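K.L.:
The numbers in our numbering rise by one with no breaks, and the one at position 766 of the first sequence is 766.
Glycine is no exception: its CB is placed at the ideal position from the N, C-alpha and C atoms.
All figures in this text were calculated on a predicted structure; none of them were measured in a lab.
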Amino acid sequence: MPPRLAPVTDHDALDAPADPEITAPAAASDAKLLLIDGHSMAFRAFFALPVENFATTDGQPTNAVYGFTSMLINLVRDEQPTHVFVAWDMSGPTFRTEQYAEYKGTRSAAPDEFKGQVPLIQEVLAALSIPHVGISGIEADDVLATLTDRAERQGAEVLVCSGDRDTFQLVTDRVTVLYPRKGVSDLVRMTPAAVEEKYGVPPGRYPDLAALVGETSDNLPGVPGVGPKTAAKWINAYDGLDGVVGSATAITGKAGESLRANLAQVIMNRQLNGLMRDVDTPLQLADLVRVPIDREAVHQVFDALQFRVLRDRLFDMLPKDEAGTAEDVEDLAVQVTDLVPGALAPWLAAREGQELGLDVAGTSAHGTGDAWALAIADGEGESLAIDLATIGDADLDVLGAWLADPAAAITVHDAKSTSHSLAGRGLVLAGVTLDTLLAAYLCHPDQRTYDLGDLTVRYLKRELPSGVDAASDGMLDLGLDGDSSGGRTAAARAVAVRELGEPLRADLATRGATALMGDVELPVLATLVDMERAGIAADVPYFTTLLNEFDAAVERAAAGAYEAIGRSVNLGSPKQLQEVLFDELGMPKTRKTKTGYTTDADALADLFARTEHPFLENLLAHREAIRLRQTVEGLLKSVSPDGRIHTTFQQTVAATGRLSSVDPNLQNIPIRTTEGYRIREGFVVGEGYEGLLTADYSQIEMRIMAHLSGDAGLIEAFRSGEDLHRYVGSRVFGVAPEDVTSAMRAKIKAMSYGLAYGLSAFGLSKQLGIGAGEARGLMDDYFERFGGVRDYLTGVVDDARQEGWTSTILDRRRYLPDLTSDNRQRREMAERMALNAPIQGSAADVVKVAMIGVSSQLRLRGLASRLLLQVHDELVLEVAPGEREEVTELVRAQMAAAADLSVPLDVSVGFGRSWRDAGH
DNA sequence: ATTTTGACGTA
DNA sequence: CGTACGTCAAAATA
C-alpha cells in the first residue's frame with residue numbers, strides 16, 4: 001500500500017503567498033527548520049495542564065490545544081525558525097506493527113477528552129498557516145526523520161520537537177532535539193554533547209543503546225539486567241551494536257548470559273527503533289517556509305476556543321508588532337530652546353489650550369524637594385528649557401501662574417515627586433491631566449519600574465537621547481559648568497512625556513482604565529502630595545525613652561540567652577542559631593528552608609512548648625525587643641527638622657492597587673502586642689491642632705466579598721448587624737448565635753479571612769492546629785451554608801483564566817498570565833492571586849475614593865483639619881481646634897458613601913492626642 | 001560592594 | 001500548601 005497524504009494535509013497553507021514581512025532566507029544554509037511531532041507534544045500538553053481548568057463554555061476540553069499552541073508560540077518567538085512543520089501519527093497499522101504486533105501494545109487508549117482535541121489543534125495550525133501532514137502507515141517520527149535529512153543536506157539548521165526519545169538518533173551538529181523535561185514549556189536542548197553526556201554514547205548510537213535497554217513506552221523489552229550504563233559500556237567497547245551482537249559469546253557474567261538469551265529481541269528492537277529517512281513524500285524544505293498567518297481565521301478559531309490570552313501573545317509575537325528591536329529605535333527628535341527673558345508668556349500663549357509636557361529637574365523626599373530646571377514641550381517636539389536659578393521675576397510669575405492653572409492641561413511623569421520639587425521653589429502644580437507613570441502602572445500593575453526611558457522605547461519606539469534616561473533628579477543634571485544642562489535633560493524628557501500622552505491614553509482606554517485614572521488615581525495623587533507634605537508629629541523625647549527601654553530589654557534577653565547555653569552567639573544570625581539549637585542542644589528539627597531549618601517565631605515557640613529550654617524563652621524575648629528597638633530607632637532617624645515624620649506613599653508598586661509606604665514605612669507600625677502598641681503613643685497631634693482622629697472600615701474585605709459574591713447568607717450577616725464571625729459560626733455549626741463559643745468563632749474568623757487569600761484545607765488545619773479532616777469538614781460546612789462564596793471564588797479564577805485578568809469594582813485590572821502555566825506551583829500561585837486581587841483591590845479602590853471625598857469636603861468647607869496617613873483600611877487625620885465634631889461626621893459620611901455595595905460600609909472612629917489614644 | 005535570604009511588622 | 005507590602009541584618013555572591 002503506497003503511503004498517501006492524509007486528509008489533514010493543509011495544502012492551502014503550502015500555496016499561501018510569500019509574506020512580505022518575513023523575508024525568505026537567501027540560501028537554505030540560513031534556514032532554520034522547526035519540526036514538531038504533533039501527537040507526542042499534544043499528549044504532553046494534555047497531561048501538563050489540568051483538563052478541568054481548560055474548557056470552552058460549552059464543555060469542549062481545550063487543555064491540549066492550549067498547551068500545544070502555547071508551546072508553539074513560544075518556540076516560534078524564541079527560536080525564530082524560518083520554516084515550520086508538524087507531523088501527525090495516523091491510526092492504523094504501520095510497518096512496525098506489521099513486523100511486531102505488540103509494538104506500542106502497552107499503550108492504553110487515549111482519554112476521550114484528548115481525542116477530540118487533535119482536530120482542534122489542526123484547525124489552529126491551519127489558521128497559523130503551518131503545514132502539517134499525517135501519512136498512513138508511517139509514523140510521525142519517520143516523516144520528521146526524512147525531512148530532517150533533506151533539510152540538513154541543504155545546510156539548514158533543524159530543531160526537532162518531540163517527546164519520543166527515538167528522535168535522539170537524529171541529533172547532529174546541525175540537528176537539535178527539543179525534548180520536554182516537564183510539561184511542554186520546559187524543553188531540554190539535546191545536542192550531540194547533551195546526548196553523549198546523558199547516555200554515554202553519541203546520538204547515532206542511541207538506538208543501539210535503546211535496543212539493549214528496551215523502551216517501555218513502545219513495549220520493546222530490553223535485556224534483563226542491562227541498564228544504560230552497561231549498554232553504553234558494551235557499545236563503546238565493541239564499536240556499536242553490531243559489534244556487541246557479534247561478540248555476544250565473548251561477554252562474560254550474568255549480563256552476557258542474559259544478552260545471549262535475548263539476542264533476537266535486541267536485533268528486532270534495533271530494526272524497529274531506527275527511524276526511516278526515506279519516506280515517500282513530496283514535501284521539500286521550500287514547502288515548509290513560514291508564511292503569514294490568516295488573521296481572520298486565527299480570530300475565528302481562537303474565538304471558538306475562547307483563547308484570549310494566547311491570542312494576545314500570538315499577535316504580540318508577530319513581526320509587525322515586533323517593533324522595538326535595536327535597529328528600529330531612533331533617538332527622540334527634540335528641538336530645545338533656552339528661555340530668553342520675557343519669552344515664556346508668548347511661547348505659552350502660542351500653545352493655548354494644547355496639551356503640554358512637563359519635566360522638572362530636581363529632588364524630592366520626605367514631603368518636600370527642590371527644583372533647579374524644567375522644560376515644557378509641545379506636540380511638535382519643541383521644548384522650552386528653563387533654568388530656575390537664572391529665571392527672571394516676570395517669567396517666574398508667568399510660569400507659576402501656568403503651573404497653578406487647573407486648566408493648563410499638563411502631562412508629566414511622576415506628578416507627586418514633581419509637585420514636591422516645584423514646591424521647593426514655591427511653585428504649585430495643578431493642571432495635570434495625565435501622569436505617564438500612573439498610566440503605565442494602571443496598564444501594567446505587576447511591573448517593578450516604570451522608567452520614562454523604558455516607556456519611550458515601548459510606546460514610541462524611540463530612545464531618549466543618551467545620558468537623559470537617568471531620572472532627572474540625578475546629580476548629572478547639576479550642570480557644574482553653570483549651563484542649563486539640567487534643562488536640556490528635562491527638555492528631552494518633556495518631549496517624551498508629551499508624546500507618550502497619546503499612546504498611553506489609548507492603552508488606558510483599551511484596558512478600561514480611563515475613568516480609574518481620571519476619577520481616582522489623579523485626584524488621590526493630589527491628596528497624597530498634601531499628606532506627605534503634612535507628615536505626622538513625632539514625640540521625640542518619648543521615642544528616645546522608649547528606645548532606651550527596649551535597649552535594656554534587648555540586653556536583658558541577650559544575657560539570659562547567653563547564660564542558658566553558657567556562651568554568647570549572634571542571636572540575629574539564623575545560621576548560628578541553627579548550630580546552637582540543632583547541633584549543640586539537639587532539639588528536634590523544624591521546617592526546612594533553602595539554607596537549613598527555620599528559626600522563626602512560630603517554630604521557636606513550638607520548640608519551647610516541647611523543651612521548655614530557657615534559651616528559647618530569652619531568644620524570643622530578644623527577637624521582639626530588638627525588633628521594637630529597631631523600629632523606634634528608624635522612626636527617630638526619620639524625624640524631619642520640623643519635628644514630623646514624612647513618609648512617602650508609593651502609588652505604583654502594589655499590583656492590587658493598594659498604596660504602600662516607605663522611608664519610613666508607617667503602614668506597619670506595631671499594634672498587636674502591648675509593647676509594640678506603645679510605639680503608637682509617639683505619633684502625636686501637632687502644634688496648633690486639637691487631636692488625631694482615626695477612622696477605619698470594619699471588615700471591609702469581607703464586605704467586599706459579600707458584595708462581589710452576592711451570597712445571600714453573607715449579605716444578610718452584615719445587614720443583621722450581628723457580630724460577623726458569630727453569625728457565620730452559628731450557621732456553619734448549626735447552633736444559635738449566642739451558643740457560638742470563642743473557639744468556634746476563632747475558627748470561623750480564620751477561615752473567612754483565609755478564603756480571600758486562597759487558603760487550602762491543609763493551610764487551615766496547619767494554622768488552627770486541627771486535623772486535616774476536621775479542616776476539610778469545616779470548609780465543606782462553610783461552603784454548604786455560603787455556596788455563593790464558593791461559586792464566586794471558583795468563578796473569579798475561571799473568568800480570569802479566560803480573560804487573562806481580574807478586575808475590581810472600579811475596573812482596576814491585574815493581569816495573571818500564569819493562570820495557564822503548566823507549572824503547578826506558578827499556576828496555583830496565580831490562582832490565589834486571582835482570588836485575592838479583586839477583593840484587596842476593590843477595598844483599595846474604596847479607600848482611595850474615601851480619601852478623595854474626605855479631602856475635597858475638608859477643602860470645600862474651609863476646614864483646617866487634614867489627612868495625614870492611610871493604612872489600607874484606616875485613615876488618620878489631624879483635627880484643628882473646634883472642628884472635631886464636623887470632621888468626625890464628614891469622615892464617617894465620606895467613608896460610608898465611598899462605594900455603593902449590597903452591604904453597608906461600617907466605619908469606626910477614634911480621637912485622642914496620640915495615634916494610640918485615637919485607636920480603638 | 002552589591003544582591004539575596006530569613007525573619008517579621010502591618011492590612 | 002495564605003494575599004499585599006517594606007525594612008533590617010546576616011549570608012551569599014561578585
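1) Can you tell me which of the three DSSP states K589 falls into?
2) Once DSSP output is grouped into helix, strand and coil, what is the label at M190?
3) For W234, I'd like the list of residues in its chain whose CB is within less than 6 Å of its CB, leaving aside the five on either flank, ordered along the chain.
4) Would the beta-carbon of T281 fall within 8 Å of that of A255?
5) Please name the residue, chosen from P664, D242 and P207, that lies closest to N273 on a Cα-to-Cα basis.
6) Quick test of the definition: if touching needs 3 or more C-beta pairs under 8 Å, does the region 72-85 touch the region 196-210?
7) Any idea which residues DSSP pairs W234 with across the strands?
8) By the three-class DSSP mapping on this structure, what secondary structure does K32 have?
9) Taking only three categories from DSSP, how would you classify R488?
10) Starting from V340, trace the beta strand (DSSP E) both ways and give me its first and last residue.
11) My guess is that L604 and L616 are in contact by the Cβ rule of under 8 Å, so how many angstroms apart are they, rounded?
12) Just to confirm the assignment, what range does the beta strand (DSSP E) spanning V963 have?
13) If you run the structure through DSSP and keep just helix, strand and coil, what is Y459?
14) Can you tell me which residues form a DSSP beta bridge with Q650?
15) Could you say which of R812, I770, H622 and S640 lies nearest to P664 if we only look at CA atoms?
16) Between the C-alpha atoms of S217 and H39, what's the straight-line distance to the nearest angstrom?
17) In whole angstroms, what separates the C-alpha of D79 from that of M317?
18) Name the two residues that bound the continuous beta strand (DSSP E) containing H132.
19) DSSP three-state label for D359, please.
20) Would L241 be called buried (16 or more neighbouring beta carbons within 10 Å of its own) or exposed?
21) Span of the alpha helix (DSSP H) holding R174?
22) Determine the direct distance from the alpha carbon of T146 to that of P131, and round the result to whole angstroms.
23) Span of the alpha helix (DSSP H) holding E624?
24) Please go through the region 795-878 and give each complete alpha helix (DSSP H) segment of 4 or more residues, from N-terminal end onward.
25) Around the Cβ of I921, are there at least 16 other Cβ atoms within 10 angstroms (buried) or fewer (exposed)?
26) Could you please give the first and the last residue of the uninterrupted beta strand (DSSP E) stretch that includes H83?
27) Look at V309 and T820 and say whether their C-beta atoms are less than 8 Å apart.
28) Pull up the distance between the alpha-carbon of S730 and that of L905, whole angstroms please.
29) Are G691 and V879 touching if we call contact CB-CB under 8 Å?
30) Which residue's Cα is closest to the Cα of G643: N219, G686, R77 and I391?
31) What residues match up with V684 in a beta bridge as DSSP calls it?
32) Short check: CB of L525 to CB of A415, under 8 Å?
33) Could you tell me the boundaries of the beta strand (DSSP E) in which D696 lies?
34) Run through DSSP, which three-state label would Y921 get?
35) Can you list, in chain order, the residues of its chain with a C-beta nearer than 6 Å to that of E701? Leave out the 5 residues immediately preceding and following it.
36) Use the C-beta contact count for S573: other C-beta atoms within 10 angstroms, 16 or more gives buried, fewer gives exposed.
P.N.:
Looking at the atomic coordinates:
1) On the first sequence, residue 589 is found 589 positions in, with the first residue counted as 1. K589 falls in the coil class under three-state DSSP.
2) Reading the first sequence from its first residue, position 190 is the one you call residue 190. When DSSP states are grouped into helix, strand and coil, M190 belongs to the strand group.
3) As a first step, residue 234 is located in the first sequence; it is residue number 234 there, counting from the start. Apart from the 5 residues on each side of it in sequence, W234 sits with its Cβ closer than 6 Å to the Cβ of V244 in its chain, given in chain order.
4) To locate residue 281, count along the first sequence from 1; it is residue 281. To locate residue 255, count along the first sequence from 1; it is residue 255. Contact flag unset, no.
5) The residue labelled residue 273 in the question sits at position 273 within the first sequence. The shortest Cα separation from N273 among P664, D242 and P207 belongs to P207.
6) With contact defined as three or more Cβ pairs closer than 8 Å, the region 72-85 and the region 196-210 are not in contact.
7) Taking the first sequence and counting its residues from 1, the one referred to as residue 234 is at position 234. Answer is none; W234 lacks a bridge partner.
8) Here residue 32 corresponds to residue number 32 of the first sequence, with the count starting at 1. K32: strand per DSSP, three-state reduction.
9) As a first step, residue 488 must be located in the first sequence, where it is residue number 488. DSSP places R488 within a helical segment (H, G or I) once states are collapsed to three.
10) As a working note, residue 340 is residue 340 in the first sequence. That residue, V340, is in no beta strand (DSSP E); it is neither H nor E in DSSP.
11) Numbered from its first residue, the first sequence carries residue 604 at position 604. Numbered from its first residue, the first sequence carries residue 616 at position 616. That pair is a contact at about 5 Å.
12) What is shown of the chain runs 1 to 920, which leaves residue 963 out entirely.
13) Sequence index remark: in the first sequence, residue 459 carries index 459 (1-based). It is helical.
14) Reading the first sequence from its first residue, position 650 is the one you call residue 650. In DSSP, Q650 forms a bridge with S660.
15) Within the first sequence, residue 664 is the residue found at index 664, counting from 1. It is S640 whose Cα lies nearest to the Cα of P664.
16) Translated into positions along the first sequence, residue 217 becomes position 217. Translated into positions along the first sequence, residue 39 becomes position 39. Put simply, the backbone Cα of S217 is about 14 Å away from that of H39.
17) Here residue 79 refers to the residue found at position 79 of the first sequence. Here residue 317 refers to the residue found at position 317 of the first sequence. Strictly speaking, residue 79 in this sequence is Glu, with Asp absent from that position. Distance between E79 and M317, taken at the CA atoms: about 12 Å.
18) Taking the first residue of the first sequence as 1, we reach residue 132 at position 132. Where H132 is concerned, the enclosing beta strand (DSSP E) stretches over H132 to G134.
19) As a first step, residue 359 must be located in the first sequence, where it is residue number 359. Reduced to three states, the DSSP call for D359 is strand.
20) On the first sequence, position 241 is the one that residue 241 refers to. Using a 10 angstroms sphere on the CB of L241, the tally of other CB atoms reaches 16 or more, which defines it as buried.
21) Mapped onto the first sequence, residue 174 falls at position 174. R174 -> no alpha helix (DSSP H), and no H or E assigned at all.
22) Residue numbering aside, residue 131 sits at position 131 when the first sequence is read from its first letter. Residue numbering aside, residue 146 sits at position 146 when the first sequence is read from its first letter. Those two C-alpha atoms are separated by around 16 Å.
23) Translated into positions along the first sequence, residue 624 becomes position 624. That run of the alpha helix (DSSP H) goes P614 to K637.
24) If we require 4 residues or more, the alpha helix (DSSP H) runs fully inside the region 795-878 come out as 824-860.
25) Any property of residue 921 remains undetermined from this structure, which presents the chain solely from 1 to 920.
26) Counting from one through the first sequence, the residue named residue 83 turns up at place 83. Here the beta strand (DSSP E) through H83 covers H83 to W88.
27) Against the first sequence, residue 309 aligns to sequence position 309. Against the first sequence, residue 820 aligns to sequence position 820. Note that the C-beta distance between V309 and T820 is below 8 Å.
28) For this step, residue 730 is matched to residue 730 along the first sequence. For this step, residue 905 is matched to residue 905 along the first sequence. So the alpha carbons of these two residues sit roughly 22 Å apart.
29) The residue labelled residue 691 in the question sits at position 691 within the first sequence. The residue labelled residue 879 in the question sits at position 879 within the first sequence. Closer than 8 Å, so yes.
30) Within the first sequence, residue 643 is the residue found at index 643, counting from 1. With distances taken between Cα atoms, G643 lies closest to G686.
31) As a position in the first sequence, residue 684 is number 684, starting the count at 1. By DSSP's assignment, V684 forms a beta bridge with A537 and S914.
32) Here the question's residue 525 lines up with position 525 in the first sequence. Here the question's residue 415 lines up with position 415 in the first sequence. In this structure, A415 lies closer than 8 Å to L525 by Cβ.
33) Residue numbering aside, residue 696 sits at position 696 when the first sequence is read from its first letter. Membership of D696 in the beta strand (DSSP E) is indicated by the continuous run G691 to Y697.
34) There is simply no residue 921 to check, as the chain begins at 1 and stops at 920 in what is shown.
35) Along the first sequence, read from residue 1 onward, the residue named residue 701 stands at position 701. Excluding residues within five positions, the ones whose Cβ falls inside 6 Å are A756, I839 and A843.
36) For the purposes of this step, residue 573 is taken as the residue at position 573 of the first sequence. By the neighbour-count definition (other C-beta atoms within 10 Å, threshold 16), S573 is an exposed residue.
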